[in-house]
Amino acid sequence: MKTVGHLIGGKIVDARSGRTAPVTDPATGEHTADVLLAGGEDVDLAVAAATEAAVEWSRSSLATRTRVLFAYRELLDRHRDEIARLVTAEHGKVHADALGEVARGIEVVEFACGIPQLLKGGASHEVSTDVDVREIRQPLGVVAGITPFNFPAMVPLWMFPIAIACGNTFVLKPSEKDPSAALRVAELMAEAGLPPGVLNVVHGDKVAVDRLLEHPDVAGVSFVGSTPIARYVYDTGTRNGKRVQALGGAKNHMVVLPDADLDLAADSAVSAGYGSAGERCMAVSVVVAVGGIGDELVTKIAERARSLRVGPGEDPSSEMGPLITAEHRDRVAAYVPQARAQGAEVVVEGTAGDGHFVGVSLLDHVTPEMDAYRDEIFGPVLSVVRADTFADAMRLVNASPWGNGAAVFTSDGAAARLFEQEVQAGMVGINVPIPVPVAYHSFGGWKASLFGDSHVYGTDSVHFHTRGKVVTTRWPAPAVRGLDLAFPSSSGS
Ligand code: NAD
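When you line the sequence shown up against this note's numbering, it's residues 25 to 517, in that order.
Now the structure itself:
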């Protein structure tokens with residue numbers, strides 16, 4: 025049985041010295057590997073390696089960093105298919121979707137290649153006679169990333185390339201459910217020329233996370249996962265004096281106005297609702313049909329949903345793969361009879377199958393009191409809520425405790441603009457169902473979808489991973505000497 029080990033100080037540690045967890049192929053349910061679960065002492069070793077490496081890496085030239093990042097970008101490009109296959113083998117998503125996640129990860133590396141431009145800082149010349157001010161940004165030191173199962177390659181790539189480009193060293197704690205892709209992308213960083221210890225990977229569960237959150241040498245933590253854990257990580261990390269950004273769960277609404285192109289809206293709802301089996305934080309899970317279009321829209325969505333081909337991720341004809349675990353499959357499947365009992369109409373019913381498969385479900389006439397509406401299901405269950413007016417739809421969307429993504433489908437520019445202006449969400453799509461920002465804009469939600477004040481990747485990430493320093497200089501040395509206890513001011517001198 026394969027063992028997925030830690031990467032500490034440039035070496036793979038795969039001797040089993042403590043706890044392990046099984047990794048399964050979600051298409052078959054077969055146990056394919058064991059992943060090591062770090063204890064506190066393993067985390068301490070990784071943080072020690074990162075602390076030692078930080079001495080040199082924080083002083084490395086921008087030329088050195090960009091050389092590594094450009095080489096890394098080329099290696100990732102060459103290994104796209106291999107990484108995507110690792111994702112499919114442990115996560116279950118179809119190969120084309122896995123390739124998409126690798127591509128979005130590579131875009132972040134491409135952004136990080138521009139780090140010299142991003143770290144240029146500001147300068148003001150002659151703020152007072154012979155006095156100049158420069159603003160520089162310096163790395164935090166050792167930072168950590170804790171990532172979810174649903175994008176096992178992309179979410180780590182959201183974090184460490186920019187953190188490392190900024191001169192930090194990194195400890196990554198990937199999801200223990202599908203750890204191999206994260207380990208592989210980290211190994212490629214070493215092949216690209218990154219010195220040992222700059223990027224470390226420890227696998228594990230709550231034990232490893234808790235040690236990272238309390239470790240005195242960890243200066244910052246980026247987290248992506250479910251809302252309860254995001255809130256816990258934010259509270260615990262900040263209480264321990266760390267800078268934390270913690271992205272949580274979601275329940276993304278797609279509002280369809282009566283003037284929308286209903287075929288486009290139906291295609292978009294099905295692609296964004298059932299893609300990756302609904303296991304995306306930007307999945308559309310609620311369609312809000314406004315006015316009298318509900319019946320026609322539901323018919324169009326149902327036709328498309330029934331035609332989806334569900335099968336193993338490595339089968340090129342599959343459009344949707346299985347769910348991550350058998351427990352999750354059963355939890356997701358249970359929402360459908362429960363919604364029926366609570367008064368929803370089950371238009372398409374997906375049931376649990378072999379492996380971790382569950383078919384797609386479409387629920388109509390869902391109301392905000394139902395569990396299917398209230399919970400983040402994180403599976404292929406799409407709910408349709410009927411709203412009489414645009415204003416009712418806006419009220420519904422804005423009453424959600426989450427605020428990750430929200431979309432509107434319309435041909436009315438003024439309505440779209442009003443939606444953009446008023447909606448309580450961090451990422452907004454106008455005739456775009458999954459508005460995941462490109463790498464040079466940052467990604468993040470509002471409300472219970474993000475704890476902290478900076479989003480991930482893009483310029484927010486550069487800011488998060490650096491501390492500002494403002495340097496005031498006077499050359500030549502002041503001609504006028506002597507004591508002056510007044511507060512320094514530039515006026516008159
Ligand atoms: P999760 O919260 O269960 O796990 C995320 C990470 O936290 C994993 O590394 C896990 O090992 C660790 N963890 C789990 N339980 C913990 C505990 N009790 N204490 C400390 N650490 C713990 O999330 P998941 O199931 O892996 O991922 C799915 C969730 O992630 C969904 O809610 C989804 O919406 C969310 N997500 C959000 C975004 C975003 O950008 N907002 C992106 C992807 C996924």
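Ideal Cβ positions, reconstructed from N, Cα and C, are used throughout, including at glycine.
None of the values given here were measured: they were computed from a predicted structure.
Within 8 Å, strictly: CB atoms of residue i and residue j
i	j	result
A77	G221	yes
L196	V133	no
L164	G244	yes
V421	V447	yes
H239	V71	yes
R83	A189	no
A415	L347	no
A423	L387	no
V167	A187	yes
P176	D202	yes
P425	K493	no
F94	C137	yes
G476	A270	yes
R441	V372	no
Residue i CB to nearest heavy atom of ligand 1 below 7 Å
i	result
F467	yes
I253	yes
V167	no
V179	yes
S204	no
T349	no
A423	no
L31	no
L271	yes
E215	no
F402	yes
E200	yes
S478	no
Alpha carbon of residue i to alpha carbon of residue j, nearest angstrom
i	j	result
L69	S435	57 Å
D105	P172	21 Å
N224	H30	8 Å
P457	D412	21 Å
R267	V37	29 Å
V521	C305	Absent from the structure is residue 521, since the part of the chain shown begins at 25 and ends at 517.
V118	R353	17 Å
G42	T251	29 Å
G265	A254	16 Å
G516	R161	Low confidence applies to G516: its pLDDT is 47, below 50, so where it sits in the model is not reliable, and the reading given next is rough at best. Taking the straight line from one Cα to the other gives about 30 Å.
F488	A326	44 Å
G12	Y258	Lying before the first or after the last residue shown, residue 12 is absent from the chain, which here runs from 25 to 517.
E393	L406	16 Å
T153	R235	51 Å
V28	V495	46 Å
M183	S485	8 Å
V460	V59	31 Å
Enclosing alpha helix (DSSP H) for residue i [first to last residue]
i	result
S485	482 to 488
L142	139 to 142
A206	204 to 215
G297	286 to 298
D395	395 to 398
H115	104 to 115
M344	M344 -> no alpha helix (DSSP H), and no H or E assigned at all.
D388	From DSSP, D388 is part of no alpha helix (DSSP H) but of the beta strand (DSSP E) over 385 to 388.
R267	Element bounds for R267: not the alpha helix (DSSP H) but the beta strand (DSSP E), 267 to 271.
R441	437 to 446
D121	119 to 136
E238	230 to 238
N192	Unbroken run through N192: none, as it is neither H nor E.
I36	Looking at the DSSP string, I36 is not in any alpha helix (DSSP H); the run it does join, the beta strand (DSSP E), is 35 to 37.
L223	From DSSP, L223 is part of no alpha helix (DSSP H) but of the beta strand (DSSP E) over 223 to 225.
For residue i, the first and last residue of its enclosing beta strand (DSSP E)
i	result
A168	166 to 170
V462	From DSSP, V462 is part of no beta strand (DSSP E); its letter is neither H nor E.
L150	Leu is not the amino acid found at residue 150; the sequence shown has Glu there. 146 to 152 is the extent of the beta strand (DSSP E) around E150.
A411	405 to 411
L60	54 to 60
H30	30 to 32
R158	155 to 163
M278	276 to 280
G453	451 to 454
Closer than 7 Å: residue i CB and nearest ligand 3 heavy atom
i	result
N455	Here the bound small molecules are ligand 1; ligand 3 is not part of this structure.
Cβ contact (3+ pairs, closer than 8 Å) linking the stretch 306 to 317 and the stretch 267 to 285: yes
Three CB pairs or more closer than 8 Å across the stretch 148 to 164 and the stretch 48 to 62: no
Touching by the beta-carbon criterion (3+ pairs, under 8 Å), the stretch 334 to 343 and the stretch 425 to 432: no
Given 8 Å, three or more beta-carbon pairs between the stretch 288 to 296 and the stretch 363 to 380: no
At least 3 beta-carbon pairs within less than 8 Å: the stretch 350 to 368 vs the stretch 389 to 409: yes
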